[in-house]
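One structure is given here, and the rest of the page talks about it.
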Amino acid sequence: GAGVSQSPRYKVAKRGQDVALRCDPISGHVSLFWYQQALGQGPEFLTYFQNEAQLDKSGLPSDRFFAERPEGSVSTLKIQRTQQEDSAVYLCASSLANSLSYEQYFGPGTRLTVT
Amino acid sequence: AQKITQTQPGMFVQEKEAVTLDCTYDTSDQSYGLFWYKQPSSGEMIFLIYQGSYDEQNATEGRYSLNFQKARKSANLVISASQLGDSAMYFCAMREGHSTGNQFYFGTGTSLTVIP
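Given below as structure tokens:
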């Protein structure tokens, strides 16, 4: 498939557990974004990578959230010591280049439920 | 202040009719981009249409057109000849030119229901 893929699609975690969410962007896409989408809301920016460099992490809600993209392709969003307020859909998006007019291609998201 | 405002939580339209989904934005940048995305119940965000701040013509993509009024800072989406498959959430988004990361700011969305 040529689109952005994310895994797992669904994740249930007990409060306090660590989780890791994976994103496979479209091959060749330089830019990669993570968003958090709460129920009934629009996506909220978390962090941005250009190749392997994390250029913006201003949207990460706390130091429990950590993202990496070590080889400039696959990215992992890690949430430590999950809390109930972390329950949301986490969307990954990639873009061919870091340019204003380039749209972002989104993956199907990972729905995280913290119990 | 909200970067993107969508004031219509839900809209209904008769099949084959046209519908306008409202979006206003707030930015002090001269260079920015406006996007509309569709999110069906499956959850994936689907790109529909793009308008650059310097584009003089309104963008069109098939049945989608963007009514861009720069002075009013509005970027309404017009869907012509609505189809049942158009039922979904619609999000307006903006990317500002000054931002290093070019992150998207999204509105809260409008739920569109097409009635047969």
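Residue numbers (our numbering), protein chains in the order written: chain A, 95 to 209; chain B, 2 to 117. All C-beta atoms in this analysis are idealised placements derived from N, C-alpha and C, irrespective of residue type, glycine included.
DSSP places I120(A) in no beta strand (DSSP E); its state is neither H nor E. Contact check for D118(A) against I173(A) fails: the beta carbons are separated by 8 Å or more.
Within the same chain, V20, L22, T111, S112, L113 and T114 come within 8 Å of M12(B) by CB-CB distance, once the 5 residues on both sides are set aside.
Residue nearest to G122(A) within the set E165(A), R205(A) and R116(A) is E165(A) (criterion: CA-CA distance). Using a Cβ-Cβ cut-off of 8 Å, M95(B) does not count as an interface residue toward chain A, since no Cβ of chain A sits closer than that to its own. The beta carbons of F143(A) and R163(A) sit about 4 Å from each other, so the pair counts as a contact at 8 Å. With respect to the C-alpha of F105(B), the residue from V106(A), P137(A) and L115(A) having the closest C-alpha is P137(A). Closer than 7 Å at the C-beta level to chain A, one finds these residues of the stretch 45 to 56 of chain B: E45, M46, F48, Y51 and G53.
For D118(A), no Cβ of chain B is located within less than 8 Å of the residue's own Cβ. Of the candidates A2(B), Q3(B) and P10(B), P10(B) places its Cα closest to the Cα of Y91(B). Not flagged as an interface residue toward chain A: G63(B), since no C-beta distance is shorter than 8 Å. If only complete runs of 3 or more residues are kept, the stretch 36 to 97 of chain B shows the beta strand (DSSP E) at 47 to 53, 65 to 70, 75 to 80 and 89 to 97, in order along the chain. Among the residues of chain B, those whose CB is under 9 Å from the CB of V183(A) are G44, following chain order.
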